[in-house]
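Residue 170 in our numbering sits at position 161 of the sequence shown, and the numbers go up by one each step. Have a look at the structure below before the remarks.
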Amino acid sequence: MRKVFISRIIMIFWTLFIGIGAVVGATGMLVAPDGSSIGMKEALSYFQVLPFAGLLFQDYIFPGISLLLINGIPNLIAAYLLIRNKKMSGLLACSLGIVLMLWITIQFVIFPFNLTSTTYFFFGLLQFLCGIAYITFEKQSKFHFDASMYQNIGTNPSILIVYFSRSGYTKKIAYEKANALGAELYEITTPERIKGFFGFAWLGRFAMHRWPMRINPVTIDVSKYERVIIVTPIHVWTVAAPVKEFCQECKGKMKHVEYTVVHFRKKHNFFAACDIMDKELQTKAEVRESIICKYGKIKARVRVRLP
Numbered sequence: 010m011r012k013v014f015i016s017r018i019i020m021i022f023w024t025l026f027i028g029i030g031a032v033v034g035a036t037g038m039l040v041a042p043d044g045s046s047i048g049m050k051e052a053l054s055y056f057q058v059l060p061f062a063g064l065l066f067q068d069y070i071f072p073g074i075s076l077l078l079i080n081g082i083p084n085l086i087a088a089y090l091l092i093r094n095k096k097m098s099g100l101l102a103c104s105l106g107i108v109l110m111l112w113i114t115i116q117f118v119i120f121p122f123n124l125t126s127t128t129y130f131f132f133g134l135l136q137f138l139c140g141i142a143y144i145t146f147e148k149q150s151k152f153h154f155d156a157s158m159y160q161n162i163g164t165n166p167s168i169l170i171v172y173f174s175r176s177g178y179t180k181k182i183a184y185e186k187a188n189a190l191g192a193e194l195y196e197i198t199t200p201e202r203i204k205g206f207f208g209f210a211w212l213g214r215f216a217m218h219r220w221p222m223r224i225n226p227v228t229i230d231v232s233k234y235e236r237v238i239i240v241t242p243i244h245v246w247t248v249a250a251p252v253k254e255f256c257q258e259c260k261g262k263m264k265h266v267e268y269t270v271v272h273f274r275k276k277h278n279f280f281a282a283c284d285i286m287d288k289e290l291q292t293k294a295e296v297r298e299s300i301i302c303k304y305g306k307i308k309a310r311v312r313v314r315l316p
């Protein structure tokens with residue numbers, strides 16, 4: 010997966026850049042404990058506000074060792090693990106971004122404002138964010154979906170499963186459900202650009218404002234089915250915007266309706282999204298199902314049949 014490769018290269022850059030810089034800085038402190046080699050001879054007085062200053066901060070030996078052990082060697086180890094593509098290397102590199110930000114936060118407390126500390130704080134933030142992206146892309150790359158595996162779909166023409174999916178996770182759940190029931194499938198599609206990060210953000214914007222999103226013309230007669238199951242991802246704690254538009258266009262046409270909401274939060278069932286679909290469809294669902302799904306793997310599900 011190209012995104013995984015690119016994000017891993019970026020993380021290798023950050024860990025090497027920060028790690029080598031920390032090793033060079035620490036070496037300068039240890040070679041010249043008065044700070045003369047790194048241009049910080051006058052800055053030693055600022056350390057006196059720290060605990061145990063009389064013992065640890067009379068020269069740069071302790072700060073140098075700390076810099077080496079906290080930001081230098083760990084980042085170089087992370088770079089090596091990333092180069093070898095080892096498991097957990099992304100998590101380590103991402104965590105070291107937080108470590109750097111905490112390190113610089115201490116500098117914000119003891120030093121006057123300076124460009125170097127501020128710049129390195131943003132370096133730590135970028136390392137953390139790039140690490141999150143790398144971990145996410147790596148997990149996404151392990152998701153596989155093969156529609157040809159579901160041979161029982163369409164054998165029961167009285168049931169229809171309608172779904173919307175951007176990343177494929179909800180699509181897989183819809184296919185599994187359709188295969189188990191023999192149901193027919195219909196995918197809600199939209200002419201809006203919903204792929205990639207900006208597509209994700211665009212869908213999030215619509216969901217945040219509780220707007221419907223325009224969809225391609227509905228080409229199926231939902232009224233001919235005895236049972237319709239709507240499968241939707243949860244976006245910003247609500248039903249996906251294209252699904253909301255579909256419900257508005259199909260209101261009053263469905264005989265028996267069920268909902269399946271797909272999300273990744275453990276302690277929430279998001280049945281409030283089902284209330285929204287009830288309102289848009291002008292009906293009341295007979296079954297509500299909440300599925301916790303992380304990167305295509307179902308972690309838990311709750312199914313409630315309403316009276």
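Glycine included, C-beta positions come from ideal geometry on N, C-alpha and C.
Check: Using a Cβ-Cβ cutoff of less than 8 Å, which residues in the same chain neighbour F122 once the five nearest sequence positions on both sides are dropped?; Outcome: none
Check: Should Q136 be labelled buried (16 or more other beta-carbon atoms within 10 Å of its own) or exposed?; Outcome: buried
Check: Please determine if the region 16 to 31 and the region 140 to 150 are in contact, where contact requires at least 3 C-beta pairs separated by less than 8 Å.; Outcome: yes
Check: Given a cut-off of 8 Å on the beta-carbon distance, is the pair P251 and I197 in contact?; Outcome: yes
Check: Is R297 buried or exposed, if buried means 16 or more other CB atoms sit within 10 Å of its CB?; Outcome: buried
Check: Using three-state DSSP, classify P316 as helix, strand or coil.; Outcome: coil
Check: Which residue spans inside the region 180 to 235 form an unbroken beta strand (DSSP E) run of at least 3?; Outcome: 193 to 196
Check: Under 8 Å, do I381 and V33 count as touching if we go by C-beta distance?; Outcome: Because the chain in this structure spans residues 10 to 316, residue 381 falls outside the shown range and cannot be described.
Check: Going by other Cβ atoms of all chains shown within 10 Å of its Cβ, with 16 needed for buried, is V330 buried or exposed?; Outcome: Here the chain has residues from 10 to 316 only, and residue 330 is not among them.
Check: Would you mind reading off the limits of the beta strand (DSSP E) that contains T269?; Outcome: V266 to H272
Check: Span of the alpha helix (DSSP H) holding V252?; Outcome: A250 to E258
Check: With S299 as the anchor, note down where its beta strand (DSSP E) starts and where it stops.; Outcome: V296 to K303
Check: With C-beta atoms as the reference, is G28 less than 8 Å away from A88?; Outcome: yes
Check: For R314, tell me which candidate among I21, I307, P242 and A294 has the shortest Cα-Cα distance.; Outcome: A294
Check: Determine, using beta carbons only, whether R219 and T199 come nearer to each other than 8 Å.; Outcome: no
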